[in-house]
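Student:
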Amino acid sequence: MEKINGSAAFYDKSAVTADEIVARGYTGGKIIIGRDDFGGGEKADEAVKMLKSNGVLRVVVSGANAAFREAADKEQLAIVQLDKKSIEDIFRTFADKDSEAAVITNDDGTRKVKLISGSLSKSYQF
Numbered sequence: 095m096e097k098i099n100g101s102a103a104f105y106d107k108s109a110v111t112a113d114e115i116v117a118r119g120y121t122g123g124k125i126i127i128g129r130d131d132f133g134g135g136e137k138a139d140e141a142v143k144m145l146k147s148n149g150v151l152r153v154v155v156s157g158a159n160a161a162f163r164e165a166a167d168k169e170q171l172a173i174v175q176l177d178k179k180s181i182e183d184i185f186r187t188f189a190d191k192d193s194e195a196a197v198i199t200n201d202d203g204t205r206k207v208k209l210i211s212g213s214l215s216k217s218y219q220f
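Start counting at 1 in the sequence shown, then tack on 94, and there's your number in my numbering.
(1) Residues bridged to Lys-97 by DSSP?
(2) I think Val-153 touches Ile-126, with their Cβ atoms under 8 Å apart; what is that distance to the nearest whole Å?
(3) For Thr-111, does the count of other Cβ atoms within 10 angstroms reach 16, so buried, or fall short, so exposed?
(4) Would a C-beta distance cut-off of 8 Å place Val-174 and Phe-104 closer than the cut-off?
(5) Count the C-beta pairs between the stretch 204-214 and the stretch 184-195 that are closer than 8 Å, then say yes if the count reaches three, no if not.
(6) With the cut-off set at 8 Å, would you say Ser-156 and Asp-183 are in Cβ contact?
(7) Quick check: the Cα distance between Ser-101 and Ala-195, rounded to an integer number of angstroms?
(8) Could you tell me whether the Cβ atoms of Phe-162 and Gly-133 are closer together than 8 Å?
(9) Can you list, in chain order, the residues of its chain whose CB lies under 6 Å from that of Thr-199, leaving out five sequence neighbours each side?
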C-alpha cells in the first residue's frame, strides 16, 4: 500500500490559472483540491515548480489544463482526477474545515482520495 498524505488546501474556483497560482504564492497544504480546468495559462511550468518547491505532494481536481498536466508530469507532481460529483462533495463537506487528505493506492490496485476533518471521514474512488 502507498499512502501520500498531508494537509488539504482548497482552490474553490473553476479555471484557476497558472498565473493566479503564481501570483497567489503558496503557503497552503500538501495536497491541493481544485475544480475543473486547473492550471491553464502561460506560467504552467513556473506554477508547478513553485508548488513542488513548497512541498505540494498531489493535486486533486476534476480536470487539469493540458499545459499544467504536461508541466506536472515533467516535475513528477502527480495529478489525481476525480469526477465533478466527487469534487463537489469534497468542497461541500470539507472546504470550510481544517482538513487532512490522503491519496491511497492499495495492494490490489484500487485507489482512493480520503479526506478527514475531526471525526468526519470520506473516501472517493478513482
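By construction, the Cβ of each residue, glycine as well, lies at the ideal position given by its N, Cα and C atoms.
Tutor: Looking at the atomic coordinates:
(1) Its beta-bridge partners are Ile-198.
(2) Val-153 to Ile-126, Cβ: 5 Å. Contact.
(3) With 16 or more other Cβ atoms within 10 Å, it is buried.
(4) Cβ atoms of Val-174 and Phe-104: not closer than 8 Å.
(5) Enough Cβ pairs lie closer than 8 Å, so yes.
(6) No, the Cβ-Cβ distance between Ser-156 and Asp-183 is not below 8 Å.
(7) Cα atoms of Ser-101 and Ala-195: separation of roughly 6 Å, rounded to the nearest angstrom.
(8) For Phe-162 and Gly-133, yes; Cβs fall inside 8 Å.
(9) Excluding sequence positions up to five before and after Thr-199, its CB lies within less than 6 Å of the CB of Glu-96 and Arg-205, all in the same chain and listed in chain order.
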